[in-house]
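Notes to accompany the following structure.
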Amino acid sequence: MYACKDNDDPAPEPGNKHPYADLIVDNGVILYEPIKGNRTLSNDSVYYIDGYVFVESGELKIEAGTVIMGFENPSDVSEGNESSLIITRNATINAAGTKENPIIFTSEKDQEALGGSPNLGPSNSKLWAGLIVLGKAPVFAGGATELQIEGIPDGEARAMYGGAEAAHSSGILKYVSIRFTGAEIGPGDEIQGLTLGGVGSGTTIEDIDIFVSADDGIEIFGGTVNIKRISVAFAEDDAFDFDLGWAGFGQYLFTLQKSDNSDFVGEWDGADPDDASLYTTARIYNWTAIGQGAAGTRDAGFSAMVIRDGGALSVYNSIITDFNGKGIEIEDRGESFDSYSKYIGGENKITGNIWFGHGATSILDMVVPTSADGFTPADPTGATIGAKLTADENVFTDPQLKGISRTNGSAGLDPRPDAAAATTDLATVLAADVTKGAVQTTYKGAFDPAGTVWLADWTTLARFGYLK
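Heads up, the sequence shown is in this note's numbering, so the first residue is 26 and it goes up one at a time.
Okay, here's the thing in structure tokens:
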């Protein structure tokens with residue numbers, strides 16, 4: 026199961042020395058085989074993930090302060106093999122870190138995680154694959170209610186997710202840092218920093234730090250899980266990607282994009298096919314999303330976020346700012362089940378948000394109308410969307426964040442707003458719109474303007490010197 030240099034762990038059989046055994050620290054343990062039954066990863070060892078490591082059954086407990094590192098090049102060179110920890114739907118994870126002692130998943134090359142100085146940065150993506158958690162909550166695609174998660178070669182039964190247990194628990198992830206991730210085994214077949222597939226509402230996903238990913242920061246495929254205090258910095262694809270009927274909520278979310286290589290701050294897809302009965306209906310509260318900035322290299326005609334494929338997601342009391350192009354596209358295919366029809370019909374709400382970018386001048390100007398061959402939009406200029414956004418108390422104004430910085434060691438990042446629109450206007454979310462478990466705040470964005478920044482001390486942004 027593992028090779029080790031730790032007297033607390035049994036040594037491998039003679040002649041079975043792992044090929045990377047001489048590359049790890051003295052208290053290192055290499056995980057390269059399936060984990061079956063209960064197992065604890067203790068914080069007095071450093072663990073190395075070599076290839077796909079499936080937790081097939083039982084509870085995997087990870088003590089606070091434990092460091093788990095992924096090998097960039099697994100010793101097994103089979104096609105598609107990547108270093109990733111996969112919690113299957115028949116197992117659970119108990120990874121309860123603390124602010125003082127977070128659990129860190131990172132690259133074997135990350136010196137800071139082991140007490141050294143930062144030696145990696147935003148350009149160091151794809152150094153290992155990422156963390157995948159699978160559950161038994163509802164999903165749907167193409168008529169199937171059980172699916173195989175992306176990023177794993179086809180035909181792997183342990184990679185299946187979904188079911189009918191909405192309240193299913195996959196365990197706990199709390200105060201967990203996930204760094205320098207991303208893998209692609211084929212077009213559209215990737216592993217994100219954190220992937221959640223069919224994860225149920227009995228699961229705790231809170232205080233998660235995702236720093237640098239070659240793909241999305243976090244992608245949620247269906248399920249009912251709720252997420253709180255999630256930071257995604259420097260994802261090269263989308264920061265928050267939702268799909269296939271996710272029905273939970275997210276509150277206190279933070280996004281910081283790279284200026285030269287990022288896609289959407291939010292890519293929110295609904296269903297497969299678009300007219301499926303199960304589609305994404307998640308609610309997002311108190312999100313602060315910082316885009317690429319004025320110097321961003323993304324096409325200025327693109328939107329910062331998109332809702333499509335019949336998705337009906339709601340966004341409340343959030344700040345979407347510093348995008349270099351437009352603000353939002355709500356896909357309008359001229360069909361009764363498209364995202365546009367659901368939004369205009371009042372199925373979901375986008376209410377009380379602050380928008381600001383360098384490629385737009387107003388709420389109407391920031392709307393990207395849908396245009397594509399094969400259908401005729403009902404709102405070809407986006408005017409109806411713009412009018413509804415305005416009526417629902419969305420404003421286009423600079424939130425005056427206290428500091429935006431994408432530079433390691435700058436101590437220049439402070440994402441709390443100073444603008445009156447964020448600090449004196451009361452929250453506009455009605456009690457009826459606050460999902461059970463969410464909090465009805467009186468401020469906009471992920472951070473209380475008069476409070477502390479919850480990123481402080483434990484996240485990579487804090488430890489690498491980005492924060493003020």
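Glycine included, each C-beta is placed from N, C-alpha and C at the ideal position. Note that the structure is a prediction, hence the values are computed from the model and not measured.
Closest by CA to residue i, which one among the options?
i: residue 367; options: 356, 98 and 454; result: 356
i: residue 173; options: 67, 319 and 246; result: 246
i: residue 262; options: 231, 309, 195 and 151; result: 151
i: residue 128; options: 86, 418 and 62; result: 86
i: residue 286; options: 375, 445 and 258; result: 258
i: residue 113; options: 491, 270 and 187; result: 187
i: residue 373; options: 167, 345, 333 and 139; result: 333
i: residue 458; options: 325, 79 and 377; result: 377
i: residue 96; options: 119, 153 and 81; result: 153
i: residue 456; options: 450, 404, 465 and 448; result: 465
i: residue 297; options: 66, 482, 168 and 105; result: 168
i: residue 440; options: 345, 178 and 389; result: 345
i: residue 181; options: 98, 249 and 105; result: 105
i: residue 478; options: 205, 93 and 427; result: 427
i: residue 578; options: 170, 294 and 125; result: Outside the modelled stretch of the chain, which goes from 26 to 493, sits residue 578, for which no answer is possible.
i: residue 413; options: 370, 284 and 271; result: 370
i: residue 438; options: 454, 461, 139 and 484; result: 484
i: residue 430; options: 352, 294 and 347; result: 347
i: residue 307; options: 349, 218 and 249; result: 249
i: residue 155; options: 69, 220, 192 and 138; result: 220
i: residue 352; options: 359, 203 and 315; result: 315
i: residue 294; options: 349, 268 and 491; result: 268
i: residue 139; options: 435, 70 and 192; result: 70
i: residue 350; options: 329, 359, 205 and 234; result: 329
i: residue 283; options: 322, 266, 271 and 272; result: 322
i: residue 117; options: 194, 211 and 331; result: 194
Run the CB neighbour count on residue i, radius 10 Å, all protein chains shown included, and call it buried at 16 or more, exposed below.
i: residue 317; result: buried
i: residue 144; result: exposed
i: residue 291; result: buried
i: residue 175; result: buried
i: residue 244; result: buried
i: residue 133; result: buried
i: residue 102; result: exposed
i: residue 343; result: buried
i: residue 38; result: Because the pLDDT of residue 38 is 49, which lies under 50, any placement of that residue in the model is unreliable, and the number read from its coordinates should be weighed accordingly. Result: exposed.
i: residue 416; result: exposed
i: residue 324; result: exposed
i: residue 136; result: exposed
i: residue 47; result: exposed
i: residue 264; result: buried
i: residue 475; result: exposed
i: residue 461; result: exposed
i: residue 36; result: Unreliable placement is indicated for residue 36, whose pLDDT of 43 sits below 50; the coordinate value is still reported in the next sentence. That one is exposed.
i: residue 228; result: buried
i: residue 63; result: exposed
i: residue 399; result: exposed
What residues in its chain sit with their C-beta under 8 Å from that of residue i, if we drop five residues either side in the sequence?
i: residue 547; result: Residue 547 cannot be examined here, being either before or after the span of the chain that is shown, 26 to 493.
i: residue 253; result: 230, 231, 232, 275, 276 and 277
Beta-carbon within less than 7 Å of residue i's beta-carbon, same chain only, minus the 5 sequence neighbours each way: which residues are those?
i: residue 300; result: 335 and 362
i: residue 425; result: 442, 443 and 444
i: residue 463; result: 274, 276 and 310
i: residue 487; result: 480 and 481
Our contact map puts residue i next to residue j with C-beta atoms below 8 Å; I'd like the distance itself, whole angstroms only.
i: residue 312; j: residue 162; result: So it is not a contact: roughly 23 Å between Cβ atoms.
i: residue 201; j: residue 146; result: Contact flag wrong, Cβ pair sits at about 20 Å.
i: residue 305; j: residue 338; result: 6 Å
i: residue 223; j: residue 159; result: 6 Å
i: residue 81; j: residue 52; result: Incorrect: roughly 26 Å between the Cβ atoms, too far for contact.
i: residue 403; j: residue 341; result: Not a contact, Cβ separation roughly 25 Å.
i: residue 238; j: residue 207; result: 5 Å
i: residue 109; j: residue 157; result: 6 Å
i: residue 130; j: residue 93; result: 5 Å
i: residue 411; j: residue 393; result: Not confirmed; about 11 Å, so no contact.
i: residue 380; j: residue 327; result: Actually they are not in contact, since the Cβ atoms of residue 380 and residue 327 sit about 15 Å apart, beyond 8 Å.
Can you name, in chain order, every residue of its own chain whose Cβ lies under 6 Å from the Cβ of residue i, other than the five neighbours on each side?
i: residue 489; result: 143 and 433
i: residue 119; result: 84, 86, 196 and 197
i: residue 183; result: 79 and 113
i: residue 279; result: 256, 313 and 471
i: residue 209; result: 215
i: residue 49; result: 73
i: residue 27; result: Since pLDDT at residue 27 reaches only 47, below the 50 mark, its modelled position is unreliable, and no value is offered.
i: residue 526; result: Because the chain in this structure spans residues 26 to 493, residue 526 falls outside the shown range and cannot be described.
i: residue 111; result: 79 and 157
i: residue 66; result: 72, 87 and 91
With a cut-off of 8 Å, does the C-beta of residue i fall near any C-beta of chain B?
i: residue 199; result: The question asks about chain B, but that chain is absent: this structure has only one protein chain.
Q) Whole alpha helix (DSSP H) runs in the region 391-473 with 4 or more residues, listed along the chain? A) 408-416 and 445-448
Q: Identify every run of the alpha helix (DSSP H) within the region 293-376, keeping only runs that are complete inside it and at least 4 residues long; order them along the chain.
A: 364-369
Q. Curious, which full-length alpha helix (DSSP H) runs of at least 4 residues does the region 44-83 contain?
A. none
Q. Taking only runs of the beta strand (DSSP E) that begin and end inside the region 126-204, which ones reach a length of at least 3 residues, in chain order?
A. 128-132 and 155-159
(Q) Give the list of continuous beta strand (DSSP E) stretches no shorter than 3 residues that lie fully inside the region 92-130. (A) 92-95, 109-112 and 116-121
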